[in-house]
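When you number the sequence shown by numbering that gives the first Met the number 0, it's gap-free, plus one each residue, and the end is 486.
Even for Gly, the Cβ is constructed at its ideal location relative to N, Cα and C.
Single-structure report; data block below.
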Amino acid sequence: MSLPDDLTLLTAAESRVALDNREISSVELTNAYLSRIEKVEPHIHAYLHLMTDMALSQANSADQRIESGDVSDLTGIPIALKDILCTTDAPTTAASKILEGYMSPYDATVVARLREQGAVFLGKTNTDEFAMGSSTENSAFGPTINPWGENRVPGGSSGGSAASVAAREATISLGSDTGGSIRQPAGFCSVVGLKPTYGRVSRFGLLPFASSLDQIGPFARTVEDAAIMLRSISGRDKMDSTSAPIDVPSFTEKFGADLKGVKIGVAKEYSVEGMEPGVDAAVKAALKQLEDLGAELIEVSLPHTEYALATYYITAPAEASANLARYDGVRFGNRIEGDDLIDTYKRTRGQGFGPEVKRRIMLGTYALSSGYYDAYYVKAQKVRTLIKQDFDAAFEQVDAIVAPTSPTVAFELGSRTNDPYAMYLADVFTIPANMAGIPGVSVPAGFSDGMPVGLQLLGKAFDESTLLGIAHAYEQAAGFYKELAEV
Ligand code: GLN
0 MSLPDDLTLL TAAESRVALD NREISSVELT NAYLSRIEKV EPHIHAYLHL
50 MTDMALSQAN SADQRIESGD VSDLTGIPIA LKDILCTTDA PTTAASKILE
100 GYMSPYDATV VARLREQGAV FLGKTNTDEF AMGSSTENSA FGPTINPWGE
150 NRVPGGSSGG SAASVAAREA TISLGSDTGG SIRQPAGFCS VVGLKPTYGR
200 VSRFGLLPFA SSLDQIGPFA RTVEDAAIML RSISGRDKMD STSAPIDVPS
250 FTEKFGADLK GVKIGVAKEY SVEGMEPGVD AAVKAALKQL EDLGAELIEV
300 SLPHTEYALA TYYITAPAEA SANLARYDGV RFGNRIEGDD LIDTYKRTRG
350 QGFGPEVKRR IMLGTYALSS GYYDAYYVKA QKVRTLIKQD FDAAFEQVDA
400 IVAPTSPTVA FELGSRTNDP YAMYLADVFT IPANMAGIPG VSVPAGFSDG
450 MPVGLQLLGK AFDESTLLGI AHAYEQAAGF YKELAEV
């Protein structure tokens, strides 16, 4: 293999080959990323904490492991972790002042698994506070900038993780997706972003937002790299009772050149008012490409789609209000001492949480309160079942469903911060998959006025292999993954 001058141009799969053939060392690869970070990070702000010393020492150990032949998929590969995943050797803040400086006494299961493999941790990435948002502007520590546009958001909440891969400040990164927080920023930044099936990946050590919806998943420059990361973090974990005891395949077993015999559903409900013409055009071109590859396109109906956003904005805040009760300055969270216990709670939570987090806590507490519980929370659970049944019915006809990832390209910084509803609309197409627990992936699908468009593919529960097979065939034929952000 001929090596590029800049090693950050290699994918994880290519780096694996170069490392195993001793063409490069993990220390060299890690240093290439550290130089790249030094160059672009002042502009992008993808990271909240860099782990430079740790990364170099992990790279050193990885080189020794490679020398001794003890190699896993990600041994010596430099990656980034969303700052909502607990790590013992760097702070975990969820981009909130309430957790500023917090050091976790344990690693999240995904972090522990990557550490065992000998992956190199470059740092912790920026996010909307407690993963609540669609633009990374709700971070208490300043927004991340989209590598494709000066004044554009990277999407969110995992905007730092998406931008780190798009700007080649990491080979692969991990994010979390509760309503679209992996797929939407992946679409906005022209990288691959995968939300696995609920239960595929252990959530132990992921600071919880909405526990029945949260899943951890990868960002990568190629579908193959996403598959590699997925198999590294998947599988049953006794620390998370919702992690499923289901075999973990390679996730690349359905990679092939064409899509003959594959049935792909096009949902007639997945087109909304305010959809950008350039996004529509890119998605139509992608449908044509899928057909050219041999797939059969079939119209399907997901009639309850229109209720998904409303259902999500009852369910997710309800769960968040319960999950965030622990940050009270006594059990967790930076305490701000008051005159008495109640005053201490008020100051701690009043000053520690930002406005969007407070809005969610209030919405959720209201939806769960006596007298409203049945009207809001219970009703939302019933509608959630209907949304899932729509998908069950559609998947009797098709192997996957295709949709835009988001109705628009990345919007301008500040343009939606005063309009929460406009912000929430960025996730209309991603939220249904979380409600149904099914996997979804966003793949680069071209550009609208120079800004990236994402194509979303949704699949059957625990059938990420089919999803990634289709995504891979499309990616290779379309070739947009080769276009890199110039930063
Ligand atoms: N943007 C959605 C929200 O604000 C989804 C966030 C996420 O997936 N973590 O809740």
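Residue i Cβ short of 7 Å to the ligand GLN heavy atom set
| i | result |
| --- | --- |
| residue 177 | yes |
| residue 156 | yes |
| residue 434 | no |
| residue 441 | no |
| residue 315 | yes |
| residue 180 | yes |
| residue 211 | no |
| residue 208 | yes |
| residue 418 | no |
| residue 224 | no |
| residue 131 | yes |
| residue 426 | yes |
Sequence-distant residues of its chain with Cβ nearer than 7 Å to residue i (five each side left out)
| i | result |
| --- | --- |
| residue 337 | 343, 345 and 346 |
| residue 487 | Absent from the structure is residue 487, since the part of the chain shown begins at 0 and ends at 486. |
| residue 491 | Nothing in the structure corresponds to residue 491, since the chain is present only between 0 and 486. |
| residue 364 | 320 |
| residue 128 | 93, 94, 95, 137, 138, 139, 353, 355 and 356 |
| residue 20 | none |
| residue 468 | 253, 254 and 255 |
| residue 100 | 90 |
| residue 35 | 7, 167 and 168 |
| residue 379 | 310, 313 and 314 |
| residue 31 | 5, 6 and 7 |
| residue 383 | 310, 314 and 434 |
| residue 61 | 25, 74, 75, 117 and 119 |
| residue 332 | 97, 98, 326, 347 and 351 |
Same chain, Cβ closer than 6 Å to residue i, five either side skipped, listed in chain order
| i | result |
| --- | --- |
| residue 221 | 10 and 480 |
| residue 48 | 89, 90, 122 and 123 |
| residue 470 | 222, 440, 442 and 456 |
| residue 316 | 359, 362 and 363 |
| residue 294 | 258, 261 and 263 |
| residue 461 | 196 and 245 |
| residue 239 | 201, 202 and 203 |
| residue 71 | 116 |
| residue 58 | 25, 26, 29 and 119 |
| residue 415 | 421 and 422 |
| residue 210 | 318 |
Own chain residues within Cβ distance below 8 Å of residue i, not counting five before or after
| i | result |
| --- | --- |
| residue 66 | none |
| residue 268 | 300, 301, 302, 304 and 305 |
| residue 307 | 386, 427, 430, 431 and 434 |
| residue 487 | Only positions 0 to 486 of the chain appear in this structure, which leaves residue 487 out of reach. |
| residue 2 | 9, 17, 22 and 23 |
| residue 372 | 366 |
| residue 53 | 88, 89 and 120 |
| residue 273 | 406, 407 and 424 |
| residue 27 | 6 |
| residue 376 | 313, 314, 317, 366 and 367 |
| residue 280 | 447 |
Every unbroken beta strand (DSSP E) inside the region 69-135 [3 residues or more]: 77-81 and 119-124
Within the region 232-298, ranges of the alpha helix (DSSP H) (whole runs, at least 4 residues): 276-291
Sequence ranges, alpha helix (DSSP H) only - wholly within the region 172-225, length at least 4: 182-188
Contact the region 69-86 vs the region 154-171: 3+ CB pairs below 8 Å: Contact holds: three or more Cβ-Cβ distances are below 8 Å.
The region 166-180 touching the region 205-219, judged by at least three CB pairs closer than 8 Å: Taking 8 Å as the limit for Cβ pairs, the verdict is that the region 205-219 does touch the region 166-180.
Start-end ranges of the beta strand (DSSP E) lying completely within the region 385-411, minimum 3 residues: 399-403
Completely contained beta strand (DSSP E) runs for the region 294-358, where each covers 3 or more residues: Counting whole runs of 3 or more residues, the region 294-358 contains the beta strand (DSSP E) stretches 295-299.
Segments of 3+ residues assigned as beta strand (DSSP E) that fall wholly inside the region 420-450: 439-447
The region 245-252 in contact with the region 229-237 per 3-pair CB rule at 8 Å: yes
Length-filtered (4 minimum) alpha helix (DSSP H) runs lying within the region 17-43: 25-43
Three-pair Cβ contact test at 8 Å for the region 195-213 versus the region 98-116: yes
Cβ pair count under 8 Å reaching 3, the region 159-166 against the region 40-56: Output reads yes: the region 40-56 touches the region 159-166.
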